[in-house]
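Here is the structure we will look at.
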Amino acid sequence: MKTEILDTLTEGGLAKGKQGEDPLSKNISPRLGNSNARISASQNHTYNTITTGLSPYTGTLGKAQLLHLLKRTLFGVKKDDLAHFAGKTLTEVVDELLVFPTTIPSEPLMWYTSEGTASPSVDWAGVKQGESWVGKILPMNNLQAAGDNFWRGQSVRHWNISQALNQSRSVYEKVVLFWHNHFPISVAKVDLSERNFLYVKLLRENANSSLKDLAFKITKDLAMLSYLNGEVNTKYTPDENFAREIQELFVIGKELPFDQRYTEADVKAAARLLTGHQNIATNYLEAKYGFVSAYHDSTDKQFSAFYGNTVIKGRTGATAGDLELTDFIAMLFDDTQPLPAPNASMTRADVIADFIVKKIYRFFLYHDIDSNIQTNVIKPLADIYKNNNFTIKPVLEALFKSEHFFDIENTRCYIKQPMDVVLGLIRTLNIDTQRADAVAQYNTYWTFTYRTDEMQQGYLEPPNVSGWSPFYQSPHFHKLWINSDTLPKRQAFARELVGWGLWSFNNTPNMRLDHINFVKTLDNPSDPNALINEVVDLLLGRQLSDAHKKQLKIDTLLYKQTTDAYWTVAWNNAISPDATQEQKDGVTYLLILLFDYLVRLEEFQLS
Amino acid sequence: MNRRKFINNSVKACVSTFFLDQLTQSSFAQSTLMKAIMASCTDNILVIVQLAGGNDGLNTIIPLDQYSKALALPNSSGGRSNILLPETKVLTLSGLSNTAFHPSMSGLRDLYNSGSMSFVQGCGYPNPDFSHFRSTDIWMTGSDSNQFLKTGWIGRELEESYPGFPAGFPSAQYPDPLAIQLGSIVSLAFEASTTSTALAVTDLSQDYELLNSFGDAIDNTRSGENLAYLRGVAVDTDKYNSRILAAAKAQSTNISKLYGTEAEIKDNPLAMQLQGAARLIKGGLTTRVYMASMSGFDTHAAQTESDTTKGTHATLLDKVSKAISGFQDDLVKMGVNKKVTGMVFSEFGRRVNSNGSLGSDHGASMPVMLFGTELAGGMYGTNPNLKPGSVILDNVPMQHDFRSVYYSLLKDWFCLSEAQLSNVFGGKSYPYLSLFKAGAVGINEDDLFASNRTNALADLYPNPAEDTAKLVFTTSGGDVNIELLDATGTPMRTVINKNISAGKHTIGIEKENLKSGLYLVKMRNGSFQETKKLVFR
Chain A
1 MKTEILDTLT EGGLAKGKQG EDPLSKNISP RLGNSNARIS ASQNHTYNTI
51 TTGLSPYTGT LGKAQLLHLL KRTLFGVKKD DLAHFAGKTL TEVVDELLVF
101 PTTIPSEPLM WYTSEGTASP SVDWAGVKQG ESWVGKILPM NNLQAAGDNF
151 WRGQSVRHWN ISQALNQSRS VYEKVVLFWH NHFPISVAKV DLSERNFLYV
201 KLLRENANSS LKDLAFKITK DLAMLSYLNG EVNTKYTPDE NFAREIQELF
251 VIGKELPFDQ RYTEADVKAA ARLLTGHQNI ATNYLEAKYG FVSAYHDSTD
301 KQFSAFYGNT VIKGRTGATA GDLELTDFIA MLFDDTQPLP APNASMTRAD
351 VIADFIVKKI YRFFLYHDID SNIQTNVIKP LADIYKNNNF TIKPVLEALF
401 KSEHFFDIEN TRCYIKQPMD VVLGLIRTLN IDTQRADAVA QYNTYWTFTY
451 RTDEMQQGYL EPPNVSGWSP FYQSPHFHKL WINSDTLPKR QAFARELVGW
501 GLWSFNNTPN MRLDHINFVK TLDNPSDPNA LINEVVDLLL GRQLSDAHKK
551 QLKIDTLLYK QTTDAYWTVA WNNAISPDAT QEQKDGVTYL LILLFDYLVR
601 LEEFQLS
Chain B
1001 MNRRKFINNS VKACVSTFFL DQLTQSSFAQ STLMKAIMAS CTDNILVIVQ
1051 LAGGNDGLNT IIPLDQYSKA LALPNSSGGR SNILLPETKV LTLSGLSNTA
1101 FHPSMSGLRD LYNSGSMSFV QGCGYPNPDF SHFRSTDIWM TGSDSNQFLK
1151 TGWIGRELEE SYPGFPAGFP SAQYPDPLAI QLGSIVSLAF EASTTSTALA
1201 VTDLSQDYEL LNSFGDAIDN TRSGENLAYL RGVAVDTDKY NSRILAAAKA
1251 QSTNISKLYG TEAEIKDNPL AMQLQGAARL IKGGLTTRVY MASMSGFDTH
1301 AAQTESDTTK GTHATLLDKV SKAISGFQDD LVKMGVNKKV TGMVFSEFGR
1351 RVNSNGSLGS DHGASMPVML FGTELAGGMY GTNPNLKPGS VILDNVPMQH
1401 DFRSVYYSLL KDWFCLSEAQ LSNVFGGKSY PYLSLFKAGA VGINEDDLFA
1451 SNRTNALADL YPNPAEDTAK LVFTTSGGDV NIELLDATGT PMRTVINKNI
1501 SAGKHTIGIE KENLKSGLYL VKMRNGSFQE TKKLVFR
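Chains A and B are the protein sequences, given in the same order.
For the first sequence, my numbering assigns the number 1 to the initial residue and increments by one for each residue that follows.
For the second sequence, my numbering assigns the number 1001 to the initial residue and increments by one for each residue that follows.
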């Protein structure tokens, strides 16, 4: 047995070895590489070379194309969404998808039960159930108030996921998720609810900010200062955690060979530069950023050749932190200095643009980036990103309007992230998630938080500072969402929802598909063929063969009969004003058979 | 219409490849003893424990001789006095005067002193990388610092031992997952060239109901590729799930009290994972490699409290110690200890010099711990020398390439040939460490089961065979004679005629110059006689 060590390419091999080779193509997959080899054991599997690029897509914007665009930009597609966009041009659709909200519409609410207070529905800061707790500071050094703080942190998670659930027709919520994956924190690890909320607010308010601003703000974000130890990084006690990750994971990335990028000395210099950013509130449960110059290392910071041997002058006083951070960001994003050989054709700005654009591409379209895609898509997108001051919208606009985005190879192939599975299905099926009071409402949201946790995409709880592995772990990427543990959990969630009900926390009503009313919204529900076609479009990532649909029609809607009239009659009876409960139940049962089958198909996992 | 068809297509070809390879191994083995050893190696199990985040080796296995010259100095002078464990509190080890364990590790101390634990000092690799992610990948793949492998060291090992994987797996011969990740995210270590060798397991009672769907054809697109992958996972989940449920049911409880109280276990994910592993092993699962993990070792701050025996690191090590000593105790009490060896690693150690927030930053080498009753025990290497010159080192120097440990485990515990080892390690070899007791390697644990001490021709496969058939037989011990006869009963060859120990044995029967046709395999031991038919193509 020959061992597959095909990709033992030493780092730098490409860059050093072949003349004219793009050093940033190091991480791209060779065509017929590992991702294809994965199933080569079962069959010979090759797909066409993808040569499309960023030229505007000029083909039809039919239902298939619209489904593709909406499934990649929203969490699931609703029938209403399709109707809303039908007949519009691609430019109109994409422009609307790129409208971001300008303000945060609400704040997380008190819904938990407090211990030790006069009433369990009032917490240690006097906040009542149903009220926002933001800015109402809990007393410190009080174990019961610490319990409130924990539940407040959970309510940040539930509130945040509810924003995604109740999204507008905009890619905004997926962009927020993208930035959270890029600049991750863990609510449980930080465990300071005010800070956790401010972190989410920062991401939400800066979804289209320049990466320079994001990097600047996230450096001073109090949740991040806790999560990556920035607040214990002082001139007396340097702590390299954040200084490393801002270079390795947040800005510069690892696209260049390790011996051609920043050095360990750069990590240490950056750690010294980043000293002094603190929470200055006396009560640690309060969030009050401040710069403590006494903790700041005011000596000059010498960076390596990768950073053009830049020396950032050490500063003193209250403005030292911002001034040095500004210089640091400017140094990172420099677009004037060529990198040391062999990368002299590039600047650091180019490296950053390439790194971030690849991540965007993989998040929204597909993980496999070969040399064609590197040349025809990634490079031009990186130029767009750099030339638009590192803001994400122009990149998304060019991508979503491109012929490459609609290349048939890029459709139907994306393994849904758990957020797509959970929120997508809830949205597509018009499940009513509105509850009369905050307690029931947050318990309902908790169900979604819990289910996505279980499927390994706990929102605001990524496994570590590099985010979720399916977004970066080569070679399998999105396939990593699926294994023998998570696949049954994804299916179980969907089956509960379309079957006898999705269990919900603390006796809030279980959620369940209203089969008859949902099917009524479809174009032609009395025709079993049209019904199945339409539901397959909405729920599955790809269409089924005619033979398959015929078989499943017989097995479900026709209840083993062979004439379509069996369904048509049953349906018409069930929706007539004088329908008996028996008639309704009978049709509901057939619809359960259909939906249960569809969500268990592997095609349900694709989008 | 059968969705399973797509994975069955190439089964036949791969099965014969597999036995061809077994034949190659057999031909190296000159004696029945060697053959017995090889058979037992296929029963041996490796349990890997990952301490994620970078475990502070210096505060785990403590080099007391480094206190005065380095460690006890304040952190402003390059030492770590603020997180240093008091010499009076550390746990001493029998036979070692200058090396001790963290006070939280009494369970592991007992294991060490009883000879069922060893550790290899200063494990790392040249040009250490200080990124968690990169260094984890290096440990998982067994790569060099500047080398990027897409397959894991265990994945490559299992491909060597089970050529043809994944086509045809699971099968009647190999009904169980080759590897199990105790947790939901499968490690890179298990990646083979085409797929992962490991199954993720979090719940030993979860039943899976496979949809028997129509199974549309897979097209040659990215979409088709992903669909095929999804179907493969679904089919494997279904097939393996019933085996796991059965094994968990066969051993429905844990025995050891050393895992801690019920409340402690609930708060100790590693203990829960290893409890599951113990049950599956005792329950009869033939899975070769398990990986458990615990995170939280990235102790940049508050690694210790002002009382340095307390704090985050102490809590973590307490959990590790209880989990592993409980697991080992379970294995012994369940009678399966002889076929299990464990290895504990972290992606890197931490800096010699602590930081001021009672923590330590990313470092380089650290000790790898091993546990199991078949180990030789003891310390490999020496205490690190943290001040070889005039200044205290930044990082713990490397004494052993971590791949030396991998290499030695695969060589002795999984009995890989030099050629196979060369494949696993990309043509490189690493210094060999003799980790096991003399004679421990190759002990067939199946011998402990009463059913394996009765005489029987247990299995003969594949049948019909192309070039080699594998015969599995059990015996009560003594003179065993197995012959290959032709269809008329004429002896063609003696397969084995020797006094052998009680237990389960495996031996290859090669076609060599025999004509295609029907043969009989006849086993005799005392008054016992049994015959099975074998067809060579």
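No residue lacks a Cβ here, since even glycine has one placed at the ideal position from N, Cα and C.
{"Asked": "Helix, strand or coil at residue 1063 of chain B [DSSP, three-state]", "Found": "strand"}
{"Asked": "Members of the stretch 1229–1251 of chain B that neighbour chain A once the beta carbon cut-off is set at 8 Å", "Found": "1229, 1230, 1231, 1232, 1233, 1234, 1236, 1237, 1240 and 1241"}
{"Asked": "Cβ shell of residue 52 of chain A (< 6 Å), same chain only, five flanking positions each side left out", "Found": "403, 404 and 407"}
{"Asked": "Status (buried if at least 16 other CB within 10 Å, exposed otherwise) for residue 151 of chain A", "Found": "buried"}
{"Asked": "Environment of residue 605 of chain A [buried if 16+ CB atoms lie within 10 Å]", "Found": "buried"}
{"Asked": "Cβ separation of residue 193 of chain A and residue 1199 of chain B, assumed to be a contact under 8 Å, to the nearest whole Å", "Found": "At roughly 38 Å, the Cβ-Cβ gap does not stay under 8 Å, so residue 193 of chain A and residue 1199 of chain B are not in contact."}
{"Asked": "Chain A within 8 Å of residue 1268 of chain B, Cβ atoms only", "Found": "no"}
{"Asked": "Neighbour flag for residue 411 of chain A against chain B, beta carbons, 8 Å", "Found": "yes"}
{"Asked": "Counted within 10 angstroms of its Cβ, other Cβ atoms place residue 230 of chain A as buried (16 or more) or exposed", "Found": "buried"}
{"Asked": "Nearest neighbour of residue 357 of chain A, chosen from A:179, A:595, A:322 and A:325 [CA to CA]", "Found": "A:179"}
{"Asked": "Length-filtered (4 minimum) alpha helix (DSSP H) runs lying within the stretch 1129–1206 of chain B", "Found": "1132–1141 and 1153–1161"}
{"Asked": "Residue environment, residue 1512 of chain B, which counts as buried when at least 16 other CB atoms sit within 10 Å", "Found": "exposed"}
{"Asked": "Chain A residues whose Cβ lies nearer than 9 Å to that of residue 1201 of chain B", "Found": "484 and 485"}
{"Asked": "Amino acids of chain B, ordered along the chain, whose beta-carbon sits closer than 8 Å to that of residue 597 of chain A", "Found": "1211 and 1213"}
{"Asked": "Chain B contact residues for residue 366 of chain A, given Cβ-Cβ distances below 9 Å", "Found": "1222"}
{"Asked": "Residue 504 of chain A versus residue 441 of chain A: straight-line alpha-carbon distance, rounded", "Found": "11 Å"}
{"Asked": "Backbone secondary structure at residue 1231 of chain B - three-state DSSP", "Found": "helix"}
{"Asked": "C-beta neighbour in chain B for residue 343 of chain A, strict 8 Å", "Found": "no"}
{"Asked": "Test item: CB-CB of residue 1121 of chain B and residue 1383 of chain B under 8 Å", "Found": "yes"}
{"Asked": "Contact set for residue 572 of chain A: own chain, Cβ-Cβ below 7 Å, skip 5 residues either direction", "Found": "526"}
{"Asked": "Cα-Cα separation between residue 81 of chain A and residue 1221 of chain B, rounded to whole angstroms", "Found": "28 Å"}
{"Asked": "Coil, strand or helix - residue 355 of chain A by DSSP", "Found": "helix"}
{"Asked": "Within 8 Å, strictly: CB atoms of residue 198 of chain A and residue 213 of chain A", "Found": "no"}
{"Asked": "Any C-beta of chain A under 8 Å from that of residue 1371 of chain B", "Found": "no"}
{"Asked": "Neighbour flag for residue 214 of chain A against chain B, beta carbons, 8 Å", "Found": "no"}
{"Asked": "Rounded separation between residue 1196 of chain B and residue 482 of chain A - CA only", "Found": "12 Å"}
{"Asked": "Limits of the beta strand (DSSP E) - the one that residue 1073 of chain B falls within", "Found": "From DSSP, residue 1073 of chain B is part of no beta strand (DSSP E); its letter is neither H nor E."}
{"Asked": "Sufficient close CB pairs (3 or more, under 8 Å) joining the stretch 1080–1097 of chain B to the stretch 1329–1348 of chain B", "Found": "no"}
{"Asked": "Residue 238 of chain A: contacting residues in chain B (beta-carbon distance under 9 Å)", "Found": "1355, 1356 and 1361"}
{"Asked": "DSSP-derived helix/strand/coil call for residue 405 of chain A", "Found": "coil"}
{"Asked": "Within-8 Å CB hit, residue 415 of chain A to chain B", "Found": "yes"}
{"Asked": "DSSP-derived helix/strand/coil call for residue 1400 of chain B", "Found": "strand"}
{"Asked": "8 Å Cβ cutoff, residue 1118 of chain B in contact with chain A", "Found": "no"}
{"Asked": "Three-state class that DSSP yields for residue 1120 of chain B in the structure shown", "Found": "strand"}
{"Asked": "Beta-carbon proximity check, residue 1312 of chain B vs residue 1323 of chain B, cutoff 8 Å", "Found": "no"}
{"Asked": "Beta bridge counterpart(s) of residue 1530 of chain B as assigned by DSSP", "Found": "B:1523"}
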